[in-house]
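Student: Pasting a structure below so you can have a look.
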Amino acid sequence: MDTLSYKTLSPNAQSIEREWVVIDATDQVLGRLCSKVAKILRGKHKPTYSPYTECGDNVIIINADKVVLTGKKMTDRIYLNYTGYPGGQRELTPEVLMKKSYNKHLKPGIHPLYMRVLKGMLPKNRLGRRLIENVHVYNGPEHPHQAQEPKVIDINKMK
1469 MDTLSYKTLS PNAQSIEREW VVIDATDQVL GRLCSKVAKI LRGKHKPTYS
1519 PYTECGDNVI IINADKVVLT GKKMTDRIYL NYTGYPGGQR ELTPEVLMKK
1569 SYNKHLKPGI HPLYMRVLKG MLPKNRLGRR LIENVHVYNG PEHPHQAQEP
1619 KVIDINKMK
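The following block contains the structure:
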């Protein structure tokens, strides 16, 4: 058997087929939902996964306002920001971030709470910054991505 005839195939941006998927966040726990979404964004559910390539799918999350946080995390959990100036440390709770999602000045598809949680689950490099652009989060059941023909998946059946 000639071992030189075998080639290891590594996927590149042109060879990857990317899909659009819709996930309903109704009555889902935020952290568990976002960890599964991060796996879909990375492409770890595909057999052609490569850690250095953007091989995941585009994800649309609907009914984002109906997500659940266990315990008192909605009011007691604190996210910290630092502006870079003295006295510039800002504290935000998930409750405040949920209220910010209804701000009409935010770009549609951007949800501050989900972006904050998902960004922590993705790589902290160029790849992670590209992957976070592939998630679109909407508070209601409607989304403007019908032209992409997204398929609806049940997040509870994913491992």
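Under our numbering, the residues of the sequence shown are numbered 1469 to 1627, in order.
Here a beta-carbon is modelled for each residue, glycine too, at the ideal position from N, C-alpha and C.
1) In the DSSP assignment, what residue or residues form a beta bridge with Asp1492?
2) Using the three-state DSSP reduction, which class does Glu1601 fall into: helix, strand or coil?
3) Taking 8 angstroms as the threshold (C-beta atoms), are Gly1499 and Gly1511 in contact?
4) Is Ile1528 near His1604, with beta carbons less than 8 angstroms apart?
5) Is any heavy atom of the ligand NAP found at a distance shorter than 7 angstroms from the C-beta of Arg1597?
6) Inspect the beta-carbon positions of Ala1481 and Glu1522 and report whether they are closer than 8 angstroms.
7) Strictly by DSSP, which residues pair up with Arg1558?
8) Can you find the residues in the same chain that come closer than 6 angstroms, C-beta to C-beta, to Thr1551, ignoring five residues on each side of it along the sequence?
9) Apart from the five residues just before and just after Leu1586, which ones in its own chain have a Cβ nearer than 7 angstroms to its Cβ?
Tutor: For this structure:
1) Position 24 of the sequence shown, counted from the start, is the residue given in the question as residue 1492. Per DSSP, Ile1530.
2) The residue you call residue 1601 lines up with position 133 of the sequence shown. Residue state, collapsed to three classes: helix.
3) Counting from one through the sequence shown, the residue named residue 1511 turns up at place 43. Counting from one through the sequence shown, the residue named residue 1499 turns up at place 31. Not in contact: Gly1511 and Gly1499 (Cβ atoms no closer than 8 angstroms).
4) Locating residue 1528 in the sequence shown gives position 60, where the first residue counts as 1. Locating residue 1604 in the sequence shown gives position 136, where the first residue counts as 1. Result yes, Cβ atoms of Ile1528 and His1604 sit closer than 8 angstroms.
5) Only the bare structure without any ligand can be found here, which leaves the ligand NAP out of the picture.
6) Position 13 of the sequence shown, counted from the start, is the residue given in the question as residue 1481. Position 54 of the sequence shown, counted from the start, is the residue given in the question as residue 1522. Yes; because the gap between Cβ atoms is below 8 angstroms, this pair is in contact.
7) As a first step, residue 1558 is located in the sequence shown; it is residue number 90 there, counting from the start. Arg1558 is bridged to Asn1549.
8) Taking the first residue of the sequence shown as 1, we reach residue 1551 at position 83. Cβ neighbours of Thr1551 beyond the five flanking positions: none.
9) Translated into positions along the sequence shown, residue 1586 becomes position 118. Cys1502, Val1505, Ala1506, Ile1600 and Val1603.
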